[in-house]
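In this note's numbering, the protein residues as written are 3 to 130.
Inspection log for the structure reproduced underneath, given as C-alpha cells.
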Amino acid sequence: MDTNATTTKRRRPARKAEDFHSAWKELAPDAAFGGLTLAELETAMGPLEAALDELRTLTVSRSAALKVRNQEEKALNALLIRVAHGVRSHPDHGEDSPLYRAMGFVPKSERATGLTRRSDEENEEAAA
C-alpha cells in the first residue's frame with residue numbers, strides 16, 4: 003500500500019500546473035504529452051496566472067484601503083468626541099438637551115445614580 007498517496011494533501015490546479023511545467027521543462031522539454039507541447043501548456047497557464055496576479059494586486063489594494071479607512075475612522079472619531087464635548091459645554095444645549103439625547107447619549111437627568119439599596123429581605127439573607 004502506498005501511504006504517500008493517502009497522506010499527501012490535494013494540490014490546487016495552479017500549484018499542480020507549476021509542478022508539471024517545471025518537471026516537463028527540466029526533463030523532457032521537446033516531448034509532447036496528451037497532444038500538447040510544453041509551449042501549449044505555458045499558453046494554457048497564462049489566463050490563470052493573470053487572474054492570480056490580479057488577485058494579488060487586489061489584495062494589496064484592499065489592505066491599503068483598509069489602512070486608510072482605519073486612519074479616517076480614527077480622525078473622525080476624534081472629531082466626534084470634540085463635537086460631543088462642545089454640545090455638553092454649550093450654554094443653549096448641554097448634557098440635558100434633546101440634541102445630546104438625539105446624538106445617542108443619556109441626558110444627565112435620566113442617568114442612574116449607581117446607588118443600590120438592599121431590601122429588608124436581602125439584608126436578612128446577607129446577615130444569615
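Built from N, CA and C at the ideal position, the CB exists for glycine as well.
The structure presented is a predicted model; accordingly, all values stated were derived computationally and were not measured.
Secondary structure at L81, three-state DSSP: helix, strand or coil? Position 79 of the sequence shown holds residue 81. The answer is helix: DSSP assigns L81 an H, G or I state.
By the three-class DSSP mapping on this structure, what secondary structure does L57 have? Counting from one through the sequence shown, the residue named residue 57 turns up at place 55. Helix at L57.
Close-in-space but distant-in-sequence residues of the same chain around D32 (CB under 7 Å, 5 per side omitted): Taking the sequence shown and counting its residues from 1, the one referred to as residue 32 is at position 30. For D32, where only same-chain residues beyond five positions count, there are no Cβ hits under 7 Å.
Hey, is the region 75 to 89 in contact with the region 43 to 60, meaning 3+ C-beta pairs nearer than 8 Å? no
Since F132 sits in a beta bridge, which residues does DSSP pair it with? There is no way to answer for residue 132, as the model of the chain reaches only from 3 to 130.
Could you check how far apart the C-beta atoms of M109 and D122 are, in whole angstroms? I think they sit under 8 Å. If you number the sequence shown from 1, residue 109 lands on position 107. If you number the sequence shown from 1, residue 122 lands on position 120. This sequence places Pro at residue 109; Met is not what is there. Going by Cβ atoms, the distance from P109 to D122 rounds to 33 Å, so no, they are not a contact pair.
Which value, in whole angstroms, describes the spacing of the CA atoms of G2 and A114? Because the chain is modelled from 3 through 130, residue 2 falls outside the range shown and cannot be assessed.
Limits of the unbroken alpha helix (DSSP H) element including D21: The count along the sequence shown starts at 1 and reaches residue 21 at position 19. It spans P15 to L29 - the alpha helix (DSSP H) in which D21 sits, taken as one unbroken run.
How far does the alpha helix (DSSP H) with L101 in it extend, from its first residue to its last? Reading the sequence shown from its first residue, position 99 is the one you call residue 101. Where L101 is concerned, the enclosing alpha helix (DSSP H) stretches over P100 to A104.
P49 to A16 span [Cα, whole Å]: Position 47 of the sequence shown, counted from the start, is the residue given in the question as residue 49. Position 14 of the sequence shown, counted from the start, is the residue given in the question as residue 16. The alpha-carbon atoms of P49 and A16 are separated by roughly 11 Å.
Distance, Cα to Cα, R71 vs R64? As a working mapping, residue 71 is identified with position 69 in the sequence shown. As a working mapping, residue 64 is identified with position 62 in the sequence shown. So the two alpha carbons sit approximately 10 Å from each other.
Among S91, K18, G96 and R119, which has the Cα closest to the Cα of E51? As a first step, residue 51 must be located in the sequence shown, where it is residue number 49. When each option's Cα is compared against that of E51, the closest is K18.
Going by the beta-carbon positions, is the gap between R12 and D21 smaller than 9 Å? Here residue 12 refers to the residue found at position 10 when the sequence shown is read from its first residue. Here residue 21 refers to the residue found at position 19 when the sequence shown is read from its first residue. Not closer than 9 Å, so no.
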